Each structure stands twice: as C-alpha cells, then as structure tokens.
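To start, the structure under review is shown below, and the notes come after it.
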Amino acid sequence: MANTLTGDADLFLPEFDDPPAEPGGLLDEWLRRAKDRGVREALAATLATIDEDGAPDARTVALRRLTGDGVEFGTSSDSRKGRQLAADPRAAVVLYWRELLQQLRVTGRVERLGEAESDDLFSRRTREAQAATLVSEQDAPLDDLDRLRDAARDVLAADGPIGRPERWYAYRVVPELIEFWHGSPDRLHRRLRYVRGDGGAWSVSRVQP
260 MANTLTGDAD LFLPEFDDPP AEPGGLLDEW LRRAKDRGVR EALAATLATI
310 DEDGAPDART VALRRLTGDG VEFGTSSDSR KGRQLAADPR AAVVLYWREL
360 LQQLRVTGRV ERLGEAESDD LFSRRTREAQ AATLVSEQDA PLDDLDRLRD
410 AARDVLAADG PIGRPERWYA YRVVPELIEF WHGSPDRLHR RLRYVRGDGG
460 AWSVSRVQP
C-alpha cells in the first residue's frame with residue numbers, strides 16, 4: 260500500500276519525551292523551524308467557527324501572529340465569520356505543514372481587539388490587500404468584478420496611506436487548548452496536548468494517536 264503521508268518523519272523533537280511546562284516557547288520554536296525549513300505559507304490556517312444554526316463553518320485565513328498568548332488574524336466585522344464570532348466566540352485553528360509532517364491545533368474563545376491594535380495589524384498588510392479590503396463588502400453578492408477591480412485600482416493610484424475601514428478589526432483566539440502533532444508513516448503519530456486551567460496554568464499530556 261502506498262504511503263499517503265509525505266514530509267520529514269525523522270525530525271528530532273525531544274519535546275515529545277520531555278515536554279516544557281508551557282506551550283508558548285514551543286510554538287515559537289515550531290514556527291521558526293517551519294520558516295527556516297521552507298514551509299510555504301507557514302501562517303496559512305483553517306479557522307473554524309459556529310454558524311447561526313450551530314453548524315461548523317471553516318475557511319483558510321492568513322494569520323498575523325501565532326504565539327502562546329493567542330492566534331491573531333484580521334477580518335471585517337460584517338463578514339460571515341465576523342458575524343458568527345460576534346454571536347458565538349468559540350473557534351478552532353489548525354495549521355498543517357506538509358513538508359515537516361507537523362500540525363498545530365488551537366481552540367479557544369475569540370476576542371475582537373481595539374482600534375489601535377487593529378490599525379497596527381492593518382498597516383502591516385500589503386497595499387493591495389488594504390485596497391481590496393476597502394472596496395469589498397466581504398460576503399455580499401458580487402454583481403460586477405471589473406467594477407470592483409477598477410475601484411481597487413483607484414485606491415492604489417491615490418497618494419498617501421490607505422486607512423483601515425471602520426468595519427475591519429484584528430481578532431485574537433485566546434488559547435484554551437494547544438496540541439502539537441507529528442506524523443509517522445506507521446500511523447502511530449505523536450501528540451502533545453496543553454490545556455489551560457481556570458486559573459490560567461497549563462497542564463500537559465501525551466495522548467495516543
């Protein structure tokens with residue numbers, strides 16, 4: 260039977276035998292390795308939310324920060340996911356790095372960040388992304404793509420910085436669970452799970468695949 264898993268199954272990962280007490284430093288280490296080893300789009304992640312009927316909904320987003328303090332991304336508050344998070348802040352984030360056979364899973368509650376933090380996050384987007392955000396009413400029906408592109412070109416042609424639309428915010432998933440996964444060809448994958456208690460302290464356990 261063909262091996263359906265690709266990637267580096269032989270990574271030296273001592274944390275699975277001697278896990279640190281908290282996950283923050285390990286997150287930094289895993290992300291740094293992913294970038295150093297050439298993982299493409301290392302901050303592309305699946306964000307899962309809950310819709311108005313209580314059903315799961317998911318999409319790929321570009322994360323802006325990934326630390327032990329939280330997972331940050333930006334979106335319009337009137338987008339589908341923005342409305343879902345306003346109604347039910349529970350969410351899950353999954354990153355899969357095929358090249359390294361590694362997966363990160365974060366679950367928790369999402370908080371909308373303030374104006375200053377949202378301004379900062381928006382200012383670090385590409386100018387093209389800023390223009391698209393300004394002219395697009397995310398998730399609204401599309402009548403004329405050419406007109407939308409013309410509007411974005413007009414924004415790009417103007418002098419000066421592009422301001423953040425009032426509807427666009429930075430969001431942070433505050434972790435309640437963080438799981439580190441490393442795949443194995445024999446399917447006995449390694450998993451390290453951190454759970455935050457009511458007092459904020461982390462507990463860690465190794466779990467079966």
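Using this note's numbering, you'd call the opening residue of the sequence shown number 260 and step up by one each time.
For glycine and all other residues, C-beta sits at the position ideal for the given N, C-alpha and C.
A quick note: this is a predicted structure, and the numbers were derived from the prediction, not measured.
DSSP places residue 466 in the strand class (E or B) of the three-state scheme. If you draw a straight line from the Cα of residue 273 to the Cα of residue 390, it is about 45 Å long. Around the beta carbon of residue 346, fewer than 16 other beta carbons lie within 10 angstroms, which makes this residue exposed. Judged by beta-carbon spacing, residue 430 lies within the 8 Å limit of residue 334, meaning their Cβ atoms are closer than that value.
When DSSP reads this structure, residue 316 sits in a beta bridge with 308. Counting only residues of its own chain and dropping the five nearest sequence neighbours on each side, residue 265 has a CB closer than 7 Å to the CB of 357.
Residue state for residue 390 is assigned as helix, using DSSP reduced to three classes.
Under the three-state reduction of DSSP output, residue 439 falls in the strand class. Taking the Cα of residue 440 as reference, the smallest distance to any Cα among 409, 368, 359, 348 is reached at 359. In this structure, the alpha-carbon of residue 375 lies about 11 Å from that of residue 382. Cα atoms of residue 283 and residue 416: separation of roughly 42 Å, rounded to the nearest angstrom.
Nearest in C-alpha terms to residue 325, of all of 289, 297, 309, is 289.
Within a 10 Å sphere around the beta-carbon of residue 460 sit fewer than 16 other beta-carbons, which makes this residue exposed.
The beta carbon of residue 377 sits closer than 8 Å to the beta carbons of 333, 423, 427, 428, 429 from its chain, once the five residues preceding and following it are set aside; these are given in chain order. Inter-residue distance for residue 352 and residue 467 is about 21 Å (C-alpha atoms, whole angstroms). DSSP places residue 370 in the strand class (E or B) of the three-state scheme. Residue 280 counts as exposed, since fewer than 16 other C-beta atoms from the protein chains shown sit within 10 angstroms of its C-beta. Linking residue 321 to residue 368 through their CA atoms gives a straight-line distance of about 18 Å. In the three-state reduction of the DSSP assignment, residue 331 falls in the strand class. Rounded to the nearest whole angstrom, the C-alpha separation of residue 462 and residue 275 is 14 Å. The alpha-carbon separation between residue 271 and residue 298 amounts to approximately 17 Å.
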